[in-house]
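Beneath this line is the structure, given in structure tokens, with notes to follow.
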Amino acid sequence: MAVMNDLRTMKNAAWLGWQMEANWADPFLFATYSIVKPISATLILVFMFMVVTGGDTDNAYFSYMFIGNALYMYVAEVLFGVTWVIHDDREHYMTLKQVYIAPINFYAYILGRSAIKIVITTAGVIITLVFGVLVLGVDIFLGDIDWLLLAVSTVLGMGCICVLGLALGGITFLTARHSIGINEGVAGIFYVMSGIIFPITALPTWAQSISKVLPVTYWMDSMRRALMPDAMAELSSAAAFDVTGLGGFSNLYIMIYLAISAAIFFVLSLAVFKFADGVARRKGKIDWTTSY
Amino acid sequence: MSDGWVIRNLRAIKGRAYPRIIGAKREPSWLFFEIVLPLFTVAAYAYVYQFMDARDELIGYVVLGGAMTAFWLNVLWAMAAQFYWEKEIGNLQLYMIAPISRMSILAGMALGGMFSTTVNAASTLAIGALIFNVAFHISNPFMLIAIFLATMVALYGMGMMFASLYMLFGREAHHLSNLMTDPVYLASGFFFPVKYLGAWAAAGASFIPITLGLDALRQMFFTGAAEDAFLSIEVELLILLGLCVVFLILAHYSLRYMEYLGKATGRLTLRWQ
Amino acid sequence: MNHEPAVKVESLTRVFEPKKKKEGKSVRALDSVDLQIEQGELFGILGPNGAGKTTLLKILSTLLLPTSGKAYIAGFDVESQFNDVRQKINMVSGGEVSGYGLLTVKENLWMFSQFYGIKSKVALQRIDDMLKDFGLSDKKDAKVRTLSTGQRQKMNIIRGFITDPDIIFLDEPTLGLDVNASRVIRDFILQWLKDHPTKTVVLTTHYMVEADELCDRIAIIDNGKILACDTPERLKRRVQMNTTLSMDVTLLKDTTVFRTFEGVESFTFTEDGEKGLTKLRFVMRGESGVSDIISAVLGQGSRIESLQKTEPTLEDVFIKMVGKGLE
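Below is the structure:
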């Protein structure tokens, strides 16, 4: 019964999230926005690459960078999506308190609201990858994709990111309006440390130790192994040096690591959310507004 | 009731700047976000160049571009989109009925946020230079100041012009700001020399003041930047000065027209569009 | 100020067109409104929700353009001379949440005063005086977000008056406030007008008692039209010929029958399910129809719990003009 209620809450919250995300513009404008935004972010890196190589994109690293940047959208948008729900409901529409005191699972509400972000981001990721393959020669061939690895990696990775978003959402209860940057900052840590657009071996040794603890690092690697197995094999053994930094780990090891990380983050995130929620209630911050 | 138009608007600028300044003091968590977090994006791009064994100047460009993103984001979010937020809170109509120029309100917002923005930019520059061993050479400090000021005035003038559009917008305001972030980073060459986009694209992007501002600043700071330059510093300064005039005039008329449109359609005070 | 009327409105019309066809038809919020408010008046505008009160105030405060017609504030056209108008006016709405939550009350009020070019020293003195008038001196340094609803609205009122406007528009200023808070605001308004005899207050309200007590003249508006405009006494005298009959009866099955009775100008009813009563209120031409009403009630098997004949009030005027009570 409780599960059914939670599912219903998530469904209704997802519907609301869709209304918030999509009905601000006509379909054409929305489609333009959904295409232009992800592709332009990727093109920055493409031009940076071309400035150095003189235009040569036939390079395993180019595909590595391109795919990483495309997949990173999940990290940025989902983290943003969760924290934005609380911020927007509290500061803008001032409906947070009504939702908060309703007899629903608040986590389910937040996850439902954020779910639509995942759907929209998926469209952006697919568009970017297709653009990369068709226009820029990114190394993804449908026949070579490891679909099982892709499916498992996607599920575990999304789970990890969502629960992290939950923790950040809880912290949002306590922080002022400008801390929308909180999600950007945390996503930024992943951007630098998790082998998104450059291998972790480019970092100093002490930073690589941190990278090897972050679940997103493994998620990125496993997604690349699934999408471009040959290129990843090349990078893992380039000039007898494992450029990626994770070449020594098997797919199974990475999946297990992701699963355990997701579980640990899940527990941690719930604890952080509960703590922040409690403090916010004690200090009366559930419905405060902080704009200036 | 009060002194003349000029004094009234100067007081309005002071009044609107105040919440930003005092907000920065009372909610000090911004310090962490503004100083530390922008460094991650800079670091990521710098490591990309480092991994590709790129020229040192390119890493320098990333640090400089990262610092300047503070101003672009301030214009986009803390000024242009601000009228939309003020409308949602209920302040916009109070600003509208006050006997002051809309540009005074926006100037107040800009000035009030300038401290935190400058801290952001300066810290990104300093820490980025330290971590990635970037050397900045200032050959002509007066020209540097002139370029920087011209870029800022033109940029904020453009921001005021955008703000006029946002007066009428509903939720598309937030999405429009989102939409303009990355494409402008791309078109204006924040992280790579804009000339590599091609002459026509670079010329088109030059209407965004920060494009030529960045290009000129790169030439001022880095000795090897001449080969990456789109136009000479002097030409870029002249164009920027022209953009200052153009955007401030456009902002004035755009604000007036958009306000008229908002009043005619009834959208000036319509919330939750 | 010159000798122009404070507010002059000529054939003012405002039509709202929907953005898209599917959003419905256009709405005629104001329909050929004519009005003149003299300097020194406390002028009330009464009307149900959606009558056009706020639309009228928005036009007069230069937030909205009329579709046709003209409006003048102290002789200045709201459309073409809005900068001059804005130097003369201010506006406060009920339930306002303007300002910035992390500023203190004093800072918030000072900030808004700066938009009117008031010297800081002068502004701060006015703030201190008005906070004292409203009993908010101890909240001077409290953050705005910590204020209760009543305190916030008092602060909003101070924000409106602190600029010393020649004309101030108060859009339901006591909405949602308790009796004490409302009393303080009303007393302040009256005192302010007494101290500034050439200033003008235009007030919209739902509260009949407030309008009756405060206003020199009242305009009753519905569906965008001014139905009546006069002093409260003269408005009540319009229904002097009528009798007002209030009856509490046990729950009636059919209330529609009363509409057809001769002598009944209008009537309203409310049902109190808890007490099992229907409260009827009739405005009648003379007393001839009273016996028919009583027979109809008894004929439905109901009992009369109370019966009272009352003098006309502003609410009676309103019901007569508008045909319904205030929602």
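Protein chains in written order, with the numbering used here: chain A, 1 to 292; chain B, 1001 to 1273; chain C, 2001 to 2327.
Beta carbons: idealized from backbone N, C-alpha and C, even for Gly.
For a quick check, are the C-beta atoms of residue i and residue j less than 8 Å apart?
i	j	result
residue 146/A	residue 231/A	no
residue 2265/C	residue 2285/C	yes
residue 1034/B	residue 1120/B	yes
residue 2262/C	residue 2289/C	yes
residue 96/A	residue 286/A	yes
residue 2041/C	residue 2200/C	yes
residue 1060/B	residue 1038/B	no
residue 149/A	residue 226/A	yes
residue 1177/B	residue 1208/B	no
residue 2296/C	residue 2257/C	yes
residue 2109/C	residue 2143/C	no
residue 1093/B	residue 2170/C	no
residue 2255/C	residue 2309/C	no
residue 115/A	residue 10/A	yes
residue 1064/B	residue 1125/B	yes
residue 78/A	residue 110/A	no
residue 1195/B	residue 1228/B	yes
residue 1202/B	residue 1230/B	yes
residue 2104/C	residue 2140/C	yes
Identify, in the order they occur along the chain, each residue of the same chain with its Cβ nearer than 6 Å to the Cβ of residue i, setting aside the five sequence neighbours on each side.
i	result
residue 1216/B	1147, 1233, 1236
residue 1002/B	At residue 1002/B, the pLDDT of 49 sits below 50, so the modelled position is not reliable and the matter cannot be decided from this model.
residue 1220/B	1144
residue 2165/C	2089, 2090
residue 76/A	187
residue 190/A	75, 216
residue 133/A	140
residue 2008/C	2036, 2072
Tell me which residues share the same chain as residue i and place their Cβ nearer than 7 Å to its Cβ, disregarding the 5 neighbours each side in the sequence.
i	result
residue 16/A	113
residue 2030/C	2012, 2013, 2014, 2052, 2055, 2056, 2224
residue 152/A	255
residue 123/A	34
Decide if residue i is buried, meaning its Cβ has at least 16 other Cβ atoms within 10 Å, or exposed.
i	result
residue 2132/C	exposed
residue 1028/B	exposed
residue 2018/C	exposed
residue 1158/B	buried
residue 32/A	exposed
residue 2184/C	buried
residue 87/A	buried
residue 273/A	buried
residue 1087/B	buried
residue 2327/C	At residue 2327/C the pLDDT is 47, less than 50, meaning the model places this residue with poor confidence; the figure from the coordinates comes in the next sentence. Counting Cβ neighbours within 10 Å, residue 2327/C comes out exposed, since fewer than 16 surround it.
residue 2197/C	exposed
residue 1223/B	exposed
residue 2259/C	exposed
residue 199/A	buried
residue 206/A	exposed
residue 2291/C	exposed
Please confirm whether residue i has its beta-carbon closer than 8 Å to some beta-carbon of chain E.
i	result
residue 2058/C	The chain labelled as chain E is not found among the protein chains of the depicted structure, namely A, B and C.
Leaving out five residues on either side along the sequence, give the residues of the same chain with a beta carbon under 8 Å from the beta carbon of residue i.
i	result
residue 1068/B	1121, 1190, 1210, 1213, 1214, 1217
residue 258/A	153, 156, 157, 160, 215, 218, 219, 222
Name the residues in the segment 1210-1244 of chain B whose C-beta lies less than 8 Å from a C-beta of chain A; which are they? Legend: CB atoms of the segment 1210-1244 of chain B lying less than 8 Å from CB atoms of chain A are not found in any residue.
Residues within the segment 1025-1052 of chain B neighbouring chain C, beta-carbon criterion of under 9 Å: 1026, 1027
What residues in the segment 1112-1138 of chain B have a beta carbon less than 7 Å from any beta carbon of chain A? none
Along the segment 180-192 of chain A, where does the CB come closer than 8 Å to a CB of chain B? Name the residues. Within the segment 180-192 of chain A, the qualifying residues are 181, 182, 184, 185, 188, 189, 191, 192.
Identify each residue in the segment 1094-1105 of chain B for which the Cβ-Cβ distance to at least one residue of chain C is less than 9 Å, and report them in chain order. 1094, 1095, 1096, 1097, 1098, 1099, 1100, 1104, 1105
Positions along the segment 1251-1271 of chain B whose CB lies within less than 7 Å of some CB in chain C: 1263, 1264, 1266, 1268, 1269
For the segment 164-230 of chain A, list the alpha helix (DSSP H) runs that are entirely contained and at least 4 residues long, ordered along the chain. 181-193, 205-211, 215-227
Please go through the segment 2064-2125 of chain C and give each complete beta strand (DSSP E) segment of 3 or more residues, from N-terminal end onward. 2068-2073, 2089-2093
Fully enclosed by the segment 2201-2254 of chain C, which beta strand (DSSP E) runs are 3 residues long or longer? 2217-2222, 2225-2230, 2242-2250
Compile a chain-ordered list of the residues in the segment 1183-1207 of chain B whose CB is closer than 9 Å to at least one CB of chain C. none
What residues from the segment 1054-1068 of chain B come within 9 Å of chain A, judged by C-beta to C-beta, listed N to C? 1054, 1055, 1058, 1062
Selection of the segment 113-142 of chain A by Cβ proximity to chain B, strictly under 7 Å: none
What alpha helix (DSSP H) runs, 4 residues minimum, are completely inside the segment 24-59 of chain A? 27-53
The segment 34-67 of chain A: which residues have C-beta closer than 8 Å to a C-beta of chain B, in chain order? 36, 37, 40, 41, 43, 44, 45, 47, 48, 49, 50, 51, 52, 53, 61, 65
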